[in-house]
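In this note's numbering, the protein residues as written are 75 to 239.
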């Protein structure tokens with residue numbers, strides 16, 4: 075089951091509480107109810123529980139980058155980035171369990187409107203190449219090229235060092 079999170083900063087509060095709770099849905103519900111009762115003085119009832127359930131969102135998983143990993147960088151110009159999101163959703167459905175990409179980050183260049191850079195992380199180069207050769211990936215690459223103004227630039231980067239704060 076997907077991890078969920080609930081964040082006091084998104085709930086009405088006089089105390090400006092900043093606690094965030096993450097875990098399996100039932101764990102989050104139990105902990106959030108206990109916190110709401112103990113810290114915020116709420117009553118444990120169905121209204122409180124329904125409110126907490128409604129405030130739960132999928133927890134963001136940390137991006138895993140390790141030495142020996144591989145990152146592909148795709149840089150392109152486009153007018154219709156919304157279409158790119160649709161293509162990405164089609165690709166995810168098409169590639170299914172064969173996907174070897176562990177994560178991706180889409181960025182927009184503040185200094186060059188319409189310029190986008192996507193970073194895609196893989197456990198290693200071989201996994202990236204399996205991903206690239208998949209028919210669903212071939213289709214999205216063709217469609218991305220058609221969507222882009224000019225040719226997208228691809229950079230293939232081996233991860234040699236990772237530093238965490």
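Glycine included, every Cβ here is placed at the ideal spot set by N, Cα and C.
Bear in mind the structure is a predicted one, so any value in this text is a computation, not a measurement.
From the DSSP output, read off the bridge partner residues of residue i.
{"i": "residue 15", "result": "Any property of residue 15 remains undetermined from this structure, which presents the chain solely from 75 to 239."}
{"i": "residue 126", "result": "Paired residues: none, contrary to the question."}
{"i": "residue 132", "result": "78"}
{"i": "residue 183", "result": "According to DSSP, residue 183 bridges with nothing at all."}
{"i": "residue 151", "result": "189"}
With respect to the beta strand (DSSP E) encompassing residue i, which residues constitute its N-terminal and C-terminal limits?
{"i": "residue 117", "result": "No beta strand (DSSP E) contains residue 117, which DSSP labels as neither H nor E."}
{"i": "residue 231", "result": "227-232"}
{"i": "residue 237", "result": "Per DSSP, residue 237 belongs to no beta strand (DSSP E) and is neither H nor E."}
{"i": "residue 76", "result": "That residue, residue 76, is in no beta strand (DSSP E); it is neither H nor E in DSSP."}
{"i": "residue 97", "result": "94-97"}
Here's a check: name, in chain order, each residue in its chain whose Cβ is nearer than 6 Å to the Cβ of residue i, leaving out the five neighbours to either side.
{"i": "residue 201", "result": "174"}
{"i": "residue 91", "result": "82"}
How about residue i and residue j: are their beta carbons less than 8 Å apart?
{"i": "residue 96", "j": "residue 85", "result": "no"}
{"i": "residue 142", "j": "residue 185", "result": "no"}
{"i": "residue 116", "j": "residue 93", "result": "no"}
{"i": "residue 176", "j": "residue 196", "result": "yes"}
Give me, in chain order, the residues of the same chain whose beta-carbon lies closer than 7 Å to that of residue i; leave out the 5 immediate sequence neighbours on both sides.
{"i": "residue 103", "result": "123, 126 and 127"}
{"i": "residue 204", "result": "174"}
{"i": "residue 236", "result": "139, 140 and 141"}
Kindly list the residues whose CB is nearer than 8 Å to the CB of residue i, restricted to its own chain and excluding five residues on each side of it in sequence; keep chain order.
{"i": "residue 132", "result": "76, 77, 78 and 79"}
{"i": "residue 233", "result": "139, 140, 141, 142, 143, 144 and 145"}
{"i": "residue 105", "result": "95 and 97"}
{"i": "residue 218", "result": "148, 150, 158, 161 and 226"}
{"i": "residue 189", "result": "149, 150, 151, 182 and 183"}
{"i": "residue 154", "result": "221"}
How many angstroms separate the CA atom of residue i from the CA atom of residue j?
{"i": "residue 114", "j": "residue 181", "result": "38 Å"}
{"i": "residue 194", "j": "residue 130", "result": "27 Å"}
{"i": "residue 144", "j": "residue 228", "result": "13 Å"}
{"i": "residue 151", "j": "residue 164", "result": "20 Å"}
{"i": "residue 88", "j": "residue 216", "result": "53 Å"}
{"i": "residue 207", "j": "residue 171", "result": "14 Å"}
{"i": "residue 192", "j": "residue 213", "result": "17 Å"}
{"i": "residue 223", "j": "residue 157", "result": "13 Å"}
{"i": "residue 209", "j": "residue 179", "result": "22 Å"}
Does the Cβ of residue i lie closer than 7 Å to at least one heavy atom of the ligand SAM?
{"i": "residue 236", "result": "Only the bare structure without any ligand can be found here, which leaves the ligand SAM out of the picture."}
First and last residue of the alpha helix (DSSP H) that includes residue i?
{"i": "residue 205", "result": "199-207"}
{"i": "residue 157", "result": "155-169"}
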